[in-house]
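Written below as structure tokens is the structure these notes are about.
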Amino acid sequence: MRGLPAIVLLTLVTIIFAEEDVNPIVKTPLGKLRGTYKTSFNGRQFRAFEGIPYAKPPVGKLRFEPPQRFENWEGTLLAVRRESPCLQYSHVPMNPPERVEGAEDCLYLNVYSPTKSDSTELLPVIFYIHGGAFQFGEGSSNRPDYLMDRDLVMITTNYRLGPLGFLSTGDRVVPGNMGLKDQSMALRWVSENIKYFGGNPEKITLAGLSAGGVSVHYHYLSPLSRGLFHAGMSFSGTTLDCWSQTEKSVEKAKKLADILGCPTGNNEKMVNCLKNRPAKSIVQLVGNFMPWLYNPYTPFGPVVEEKSAHSFIHRPPIDIIENGEAADVPWLTTVTSEEGLYPAAEFVANAEHMDELDKNWDLIAPYLLDYNYTLPKSQHAKVAETMRQHYLDSKKINRDNSMPLIHMIGDRLFVVGGEKAAREMAKANRSPVWFYFYSYRGEFSLSDDYIRTKDNFGVAHGDDVFTVIRRDHEPWVSGSKSLEVQNTLLDIWTSFATNGSPKIGVKWPRLNPSEEALKYLHISGPQKLRIEENSNLGEKKFWGSIDFDENIPNEGFGKSRDEF
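With mature numbering (1 follows the signal peptide of the UniProt record, and there is no 0) applied, the sequence shown corresponds to residues -18 to -1, 1 to 546, in that order.
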């Protein structure tokens, strides 16, 4: 955040013509932008335009409102530094134990493009959506250093998070999904302006990890994003994952308001009161909705809205997909072998946490495995024991039995939903769907952030993506094996963005939904690419035997979800 009111803080400057040799300048219908030159992993020069406003700051009266387009500017916009992340209750805070960080004025995006390319045409565009359970994360920390060695344009963006991005009153006062609407507005900005940066507006590929992958899939289902993209890659996250749609949004909004001393009997009065409370005070309360550690990790997320011209989604994802109303463009979705390391990495190496989980499994499991609202409370303990029996043979939960616990969590939270989403999309659409399974462990893992140890617990949620997109604090990918795997992944990203089909030197079949076994590419190391098939990926038959009440409309509209 630049410290002054948002309209003033853009740091507009007049640049003399000679400076174009030192710093790149782009002319758009909105005005001129001045960026910087940077260098990729392999020494290729690229242009960086960072901190570009795509919407008005969502502060004051605009808090909880849909994003508003940013007007033109005069002079030249100095787009040379990354803006603050959106205000959030972080899982991995920069300055622990303080979890709240970021700024409410945060709707900015970044554009990266090679200075020179082998192509004389406009380049394919990767529009990357960060993850973080819809509660934390930022676009700017996802660096373009590896992708800029390819002929691609990369976009990263911020969007509102937690209650500021996903609070819903279940009616038209605050329908919800502000964060997804932010993404859609940023995507529209890119569609309208990316050609001025050398990007092809007819070749925009969405990509995202975790909540970012869920977001990519949501854009396939939303009329607000229709026609703005041409392919998508959902890494470890789809709209059919059990955590991808928030339950009890109205109840949560009222609980939050009550804690802050706002009236809860009238939604308009309640929201007006919340608009006048400090943003940090609102975000600080996210922890009140997480009974155990950072679980459930998505207390505020996407909801089904009432149908209107401005709704992002007004029917459950499964209904939209099955009715053939999803965007019919190519889609790729993926999982890793130890998906459950998010969130398990926070506790599997901590004896105290594991002992607490073992002794209180029946109480913690509904939050950890996200079924607190989707099964009657009378069934919680029985289902918890059924899961423990199936994966752990009812053994003690400790470090020695951590791997089956990790697989239980990963199957429930990511794998089963991802497999189902791939099948349903392939069944409903003519466009191809591809699926890969990733099990290569490189020099570092996303789980290292949470475990605080270098012990190897497997290939974590996100390990594939962060081989392609470098995070701020990570060292460069090194070692011949990891570099070879990285090159394979870069080939997938590049070919998919360029042609809508992943090309890696192995015949990778599109998904056939009529076959019982799912055919997918298994990436397990350099030169270890093979097609496998599995009719029970993620123990889906076991999970299908449990009658979870999921993917139904938000309680504010249509069918009501009563408190169990």
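All C-beta atoms, glycine included, are put in the ideal place defined by N, C-alpha and C.
* Asked: What is the DSSP secondary structure of Phe329, reduced to helix, strand or coil?
  -> Here residue 329 refers to the residue found at position 347 of the sequence shown. Coil.
* Asked: Can you list the beta strand (DSSP E) stretches of 3 or more residues lying completely in the region 356 to 424, in chain order?
  -> 415 to 420
* Asked: Tell me, which residues are paired with Pro35 by DSSP?
  -> In the sequence shown, the residue the question calls residue 35 occupies position 53. Tyr90.
* Residue interval of the alpha helix (DSSP H) (run including Phe148) -> The residue you call residue 148 lines up with position 166 of the sequence shown. First-last of the alpha helix (DSSP H) with Phe148: Gly144 to Phe148.
* To do: Output the distance between the C-alpha atoms of Ser477 and Pro484, rounded to the nearest integer angstrom.
  => Within the sequence shown, the letter at position 495 stands for residue 477. Within the sequence shown, the letter at position 502 stands for residue 484. So the alpha carbons of these two residues sit roughly 5 Å apart.
* Asked: Quick one, which of Pro67, Arg423, Ala115 and Asp337 has its alpha-carbon nearest Gly283's?
  -> Taking the first residue of the sequence shown as 1, we reach residue 283 at position 301. Per the Cα distances, Ala115.
* Asked: Which stretch, first to last residue, makes up the beta strand (DSSP E) that contains Arg16?
  -> The residue given as residue 16 occupies position 34 in the sequence shown. From DSSP, the beta strand (DSSP E) with Arg16 extends over Gly13 to Arg16.
* residue 582: buried (16+ other C-beta within 10 angstroms of its C-beta) or exposed? -> With the chain covering -18 to 546 only, the question about residue 582 has no answer from this structure.
* Helix or strand or just coil, what does DSSP make of Glu65? -> Residue numbering aside, residue 65 sits at position 83 when the sequence shown is read from its first letter. In this structure, Glu65 counts as coil in the three-state DSSP scheme.
* To do: Can you tell me which of the three DSSP states Arg543 falls into?
  => Sequence index remark: in the sequence shown, residue 543 carries index 561 (1-based). In this prediction, Arg543 has a pLDDT of 38, which is less than 50 and means its spatial position is unreliable; what the coordinates show is noted afterwards. It is coil, neither helix nor strand.
* To do: Determine the burial state of Phe(-2): buried for a count of at least 16 other Cβ atoms within 10 Å of its Cβ, exposed for fewer.
  => The count along the sequence shown starts at 1 and reaches residue -2 at position 17. Note that Phe(-2) scores 33 on pLDDT, short of 50, meaning its location in the model is unreliable and no value can be drawn from it.
* **Where Trp225 falls: helix, strand or coil (DSSP)** => To locate residue 225, count along the sequence shown from 1; it is residue 243. Three-state DSSP puts Trp225 in coil, outside helix and strand.
* Between Met272 and Pro348, what straight-line distance do the alpha-carbon atoms span, to the nearest angstrom? -> Counting from 1 along the sequence shown, the entry for residue 272 is found at position 290. Counting from 1 along the sequence shown, the entry for residue 348 is found at position 366. Cα-Cα distance, rounded: 12 Å.
* Rounded separation between Leu498 and Ala403 - CA only -> Counted from its first residue, the sequence shown places residue 498 at position 516. Counted from its first residue, the sequence shown places residue 403 at position 421. According to the sequence provided, residue 498 is Glu. The question's Leu does not apply to it. The straight-line gap from Cα to Cα measures roughly 15 Å.
* **Pairwise C-alpha distance: Leu162 and Tyr141** => Here residue 141 refers to the residue found at position 159 when the sequence shown is read from its first residue. Here residue 162 refers to the residue found at position 180 when the sequence shown is read from its first residue. Straight-line Cα distance between these residues: approximately 7 Å.
* Beta-carbon spacing of Ser99, Asp133 below 7 Å -> The residue you call residue 99 lines up with position 117 of the sequence shown. The residue you call residue 133 lines up with position 151 of the sequence shown. Result yes, Cβ atoms of Ser99 and Asp133 sit closer than 7 Å.
* Is the Cβ-Cβ distance between Leu191 and Ser166 less than 7 Å? -> Mapped onto the sequence shown, residue 191 falls at position 209. Mapped onto the sequence shown, residue 166 falls at position 184. The answer is no: Cβ separation not under 7 Å.
* To do: Give the single residue among Leu210, Tyr202, Val198 and Gln227 whose Cα lies nearest to the Cα of Ser218.
  => Counting from 1 along the sequence shown, the entry for residue 218 is found at position 236. The candidate whose alpha carbon is nearest that of Ser218 is Val198.
* Asked: Would you call the region 259 to 275 and the region 169 to 186 touching, i.e. three or more CB-CB distances under 8 Å?
  -> no
* Asked: If you draw a straight line from the C-alpha of Leu314 to the C-alpha of Trp416, how long is it?
  -> To locate residue 314, count along the sequence shown from 1; it is residue 332. To locate residue 416, count along the sequence shown from 1; it is residue 434. Each residue's alpha carbon lies about 5 Å from the other.
* What separation, rounded to the nearest whole angstrom, lies between the Cα atoms of Thr220 and Val62? -> Position 238 of the sequence shown, counting from 1, holds the residue named residue 220. Position 80 of the sequence shown, counting from 1, holds the residue named residue 62. Looking at the two C-alpha atoms, the distance is approximately 34 Å.
* To do: Taking 7 Å as the cut-off, decide whether the C-beta atoms of Pro48 and Ala37 are in contact.
  => The sequence position of residue 48 within the sequence shown is 66, counting from 1. The sequence position of residue 37 within the sequence shown is 55, counting from 1. No; because the gap between Cβ atoms is not below 7 Å, this pair is not in contact.
* The beta strand (DSSP E) with Ile108 in it runs from where to where? -> The count along the sequence shown starts at 1 and reaches residue 108 at position 126. Start and end: Leu105 to Ile111.
* **Identity of the residue in Met390, Leu60 and Ile513 nearest Ile486 by Cα** => As a position in the sequence shown, residue 486 is number 504, starting the count at 1. It is Ile513 whose Cα lies nearest to the Cα of Ile486.
* Asked: Would Asp529 be called buried (16 or more neighbouring beta carbons within 10 Å of its own) or exposed?
  -> Sequence index remark: in the sequence shown, residue 529 carries index 547 (1-based). Classification for Asp529: exposed.
* **Nearest-angstrom Cα separation, counted from Gln117 out to Thr(-8)** => Within the sequence shown, residue -8 is the residue found at index 11, counting from 1. Within the sequence shown, residue 117 is the residue found at index 135, counting from 1. At Thr(-8) the pLDDT is 39, less than 50, meaning the model places this residue with poor confidence; the figure from the coordinates comes in the next sentence. Going from the Cα of Thr(-8) to the Cα of Gln117 covers about 29 Å.
* **Beta bridge counterpart(s) of Trp313 as assigned by DSSP** => Mapped onto the sequence shown, residue 313 falls at position 331. DSSP, once it has assigned bridges, lists Gly214 and Val415 as partnering Trp313.
* Asked: Terminal residues of the continuous alpha helix (DSSP H) containing Tyr502?
  -> As a position in the sequence shown, residue 502 is number 520, starting the count at 1. Run containing Tyr502: none in the alpha helix (DSSP H); it sits in the beta strand (DSSP E), Leu500 to Gly507.
* To do: Give me the Cα-Cα distance between Ser22 and Lys43, rounded to the nearest whole angstrom.
  => Counting from 1 along the sequence shown, the entry for residue 22 is found at position 40. Counting from 1 along the sequence shown, the entry for residue 43 is found at position 61. Going from the Cα of Ser22 to the Cα of Lys43 covers about 41 Å.
* Among the residues of its own chain, which have a CB less than 7 Å from the CB of Val265, if the five just before and after it don't count? -> As a working mapping, residue 265 is identified with position 283 in the sequence shown. Only Leu69, Gln70, Tyr71, Val82, Gly144, Pro145 and Leu146 meet the Cβ criterion.
* To do: On the DSSP bridge assignment, give the partners of Pro96 in chain order.
  => As a working note, residue 96 is residue 114 in the sequence shown. Answer is Phe28.
* **For Gln468, three-class secondary structure by DSSP** => Here the question's residue 468 lines up with position 486 in the sequence shown. In this structure, Gln468 counts as helix in the three-state DSSP scheme.
* Asked: In the structure shown, what three-state DSSP assignment does Arg81 receive?
  -> Taking the first residue of the sequence shown as position 1, residue 81 is located at position 99. Note: Arg81 maps to coil in three-state DSSP.
* Rounded separation between Ser376 and Asn516 - CA only -> The count along the sequence shown starts at 1 and reaches residue 376 at position 394. The count along the sequence shown starts at 1 and reaches residue 516 at position 534. If I take the Cα positions, the gap works out to 26 Å.
* **Pairwise C-alpha distance: Pro35 and Leu149** => Stepping through the sequence shown from its first residue, residue 149 is reached at position 167. Stepping through the sequence shown from its first residue, residue 35 is reached at position 53. Their backbone Cα atoms lie some 23 Å apart in a straight line.
* Asked: Does the region 388 to 404 come within contact of the region 309 to 325, defined as at least 3 CB pairs closer than 8 Å?
  -> yes
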